[in-house]
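Participant: These protein sequence lines map, in sequence, to chains U and B.
FYI, in my numbering the residues of the first sequence are 250 to 388.
FYI, in my numbering the residues of the second sequence are 250 to 388.
By construction, the Cβ of each residue, glycine as well, lies at the ideal position given by its N, Cα and C atoms.
Note that the structure is predicted; figures quoted are calculated from it, not measured.
Below is one structure. I have some questions about it.
2 protein chains.
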Amino acid sequence: MKQNTIPPLLPVVPMKACPVESSMGVLGRKWTLLILRNIGVFKKERFNQMLDVTPGLTPRVLSMRLQELERDGFIKRIEENGTPKIVRWELTEKGDDTLPILVKLVEFGAKWFADKVFEDKKPRTIKQLFPQKEARRYL
Amino acid sequence: MKQNTIPPLLPVVPMKACPVESSMGVLGRKWTLLILRNIGVFKKERFNQMLDVTPGLTPRVLSMRLQELERDGFIKRIEENGTPKIVRWELTEKGDDTLPILVKLVEFGAKWFADKVFEDKKPRTIKQLFPQKEARRYL
DNA sequence: CTGCATCCGATCGGATACTG
DNA sequence: CAGTATCCGATCGGATGCAG
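Take a look at the structure:
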């Protein structure tokens, strides 16, 4: 049973804009969070690597997202001189700070979309998915 | 300075779909998270109340979002018999579980979009925004 | 009060092909 | 390897008006 006796919870500081809206304006577009995850968690930092591990993502859209993310300070383009040209993308501090959001989305998905996400359709906790001690950094 | 020596962090359970993608499929549409916040945090549970506190949101889109959210089990329609007809929307357990995601988005926005969000343009922590003890429920 | 119907312009992003 | 260019259909959601 669900109790519903909790009163409104209001921010004690007046806000002239909504922080959720602001955050989602950038992060809410298709593929954006997945790209940040690829870079920050899976360490797929190169253009074609990202395409490889992200079925459905096209070069055009990836390119657009990378530019947006760079423009908005989430990622940084690192060009290593060599032939052929090697480019890496890495998270800035701002980009790093999106990972806790990602974690919550994983947590939610692993609980409520278990049927889509797992073969055995059983919900899992984030600790079951990432028991590694390095993961605590983001939990 | 940002260190970047962290190795890839992989889920120990194989996944046939991405939990982030699944979560965002529902929650990523415009206004959706704001509506959940209105109901769950601000306790604006009625149709016109929501319109009032959500500048830019139109009846059509609100109606669409409410239906999607109900279909997907995030909210429940409660019709109180009376004239005129009063309808409340409340969060299900699944809906409640989205609030921690919201919190992380607020936290991110209050830090990195402080210039848009606050008059004084100074970043704030989530504890500064919601020092109430009831808020701990979601932090 | 709580929506729905219709219309429509804008945006988004997928397909495909091409380049330095 | 790391992207761009062009095209285009689909979707989204804003405006407006109406209804139970």
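What residues in the segment 344-362 of chain B bring their beta carbon closer than 9 Å to a beta carbon of chain U?
Facilitator: Per Cβ criterion, the list reads D345, D346, T347, P349, I350, L351, V352, K353, L354, V355, E356, F357, G358, A359, K360, W361, F362.
Participant: Please state whether the Cβ-Cβ distance between U:E339 and U:E383 is less than 9 Å.
Facilitator: No, the pair does not count as a contact, with Cβ atoms beyond the cut-off.
Participant: What is the DSSP secondary structure of U:R278, counted as helix, strand or coil?
Facilitator: Three-state result, U:R278: coil.
Participant: Can you check whether the CB of U:L283 is closer than 9 Å to the CB of U:T307?
Facilitator: No, they are not a contact pair.
Participant: Taking just the CA atoms, how far does B:Y387 sit from B:P349?
Facilitator: Rounded to whole angstroms, B:P349 to B:Y387 spans 5 Å at the Cα level.
Participant: Find the nearest neighbour of U:V275 within the set B:P257, B:L354, B:R320, B:F291, judged by alpha-carbon distance.
Facilitator: The option with the nearest alpha carbon to U:V275 is B:L354.
Participant: Identify the contact partners of B:D265 in chain U, using a Cβ-Cβ distance below 8 Å as the criterion.
Facilitator: In the sequence on display, residue 265 of chain B carries Lys and not Asp. Going along chain U in sequence order, the residues near B:K265 (Cβ under 8 Å) are K365, V366, F367, E368.
Participant: Taking Cβ-Cβ distances shorter than 9 Å, what residues in chain U pair up with B:S312?
Facilitator: Within 9 Å Cβ-Cβ: nothing; B:S312 doesn't reach chain U, min ~20 Å.
Participant: Counting contacts by CB-CB distance shorter than 9 Å, is U:E270 in contact with chain B?
Facilitator: With 9 Å as the cut-off, U:E270 counts as an interface residue toward chain B.
Participant: Step through the CB atoms of chain U and report whether any lies within less than 9 Å of the CB of B:Q298.
Facilitator: So, not an interface residue.
Participant: Would you mind sorting B:A266 into buried or exposed? The rule is 16 or more other CB atoms within 10 Å of its CB.
Facilitator: Exposed: under 16 other Cβ atoms inside 10 Å.
Participant: Please list the terminal residues of the continuous beta strand (DSSP E) segment that includes B:V336.
Facilitator: Here the beta strand (DSSP E) through B:V336 covers 335-340.
Participant: Please list, in chain order, all residues of the same chain as U:K376 whose beta carbon is under 6 Å from its beta carbon, the five residues on each side excluded.
Facilitator: Closer than 6 Å at Cβ, skipping near neighbours: no residue.
Participant: Classify U:E366: buried if its beta carbon has 16 or more other beta carbons within 10 angstroms, exposed otherwise.
Facilitator: At residue 366 of chain U the sequence reads Val, which differs from the Glu that was named. Under this definition U:V366 is a buried residue.
Participant: Could you check what DSSP says for U:I327 in three-state terms: helix, strand or coil?
Facilitator: If DSSP states are grouped into helix, strand and coil, U:I327 belongs with the strands.
Participant: Count the other CB atoms within 10 Å of the CB of B:G331; is the residue buried (16 or more) or exposed (fewer)?
Facilitator: Exposed is the call here.
Participant: Name the two residues that bound the continuous alpha helix (DSSP H) containing U:F357.
Facilitator: Start and end: 348-361.
Participant: Counting only C-beta atoms, is U:L378 closer than 9 Å to chain B at any point?
Facilitator: Chain B contact via Cβ: present.
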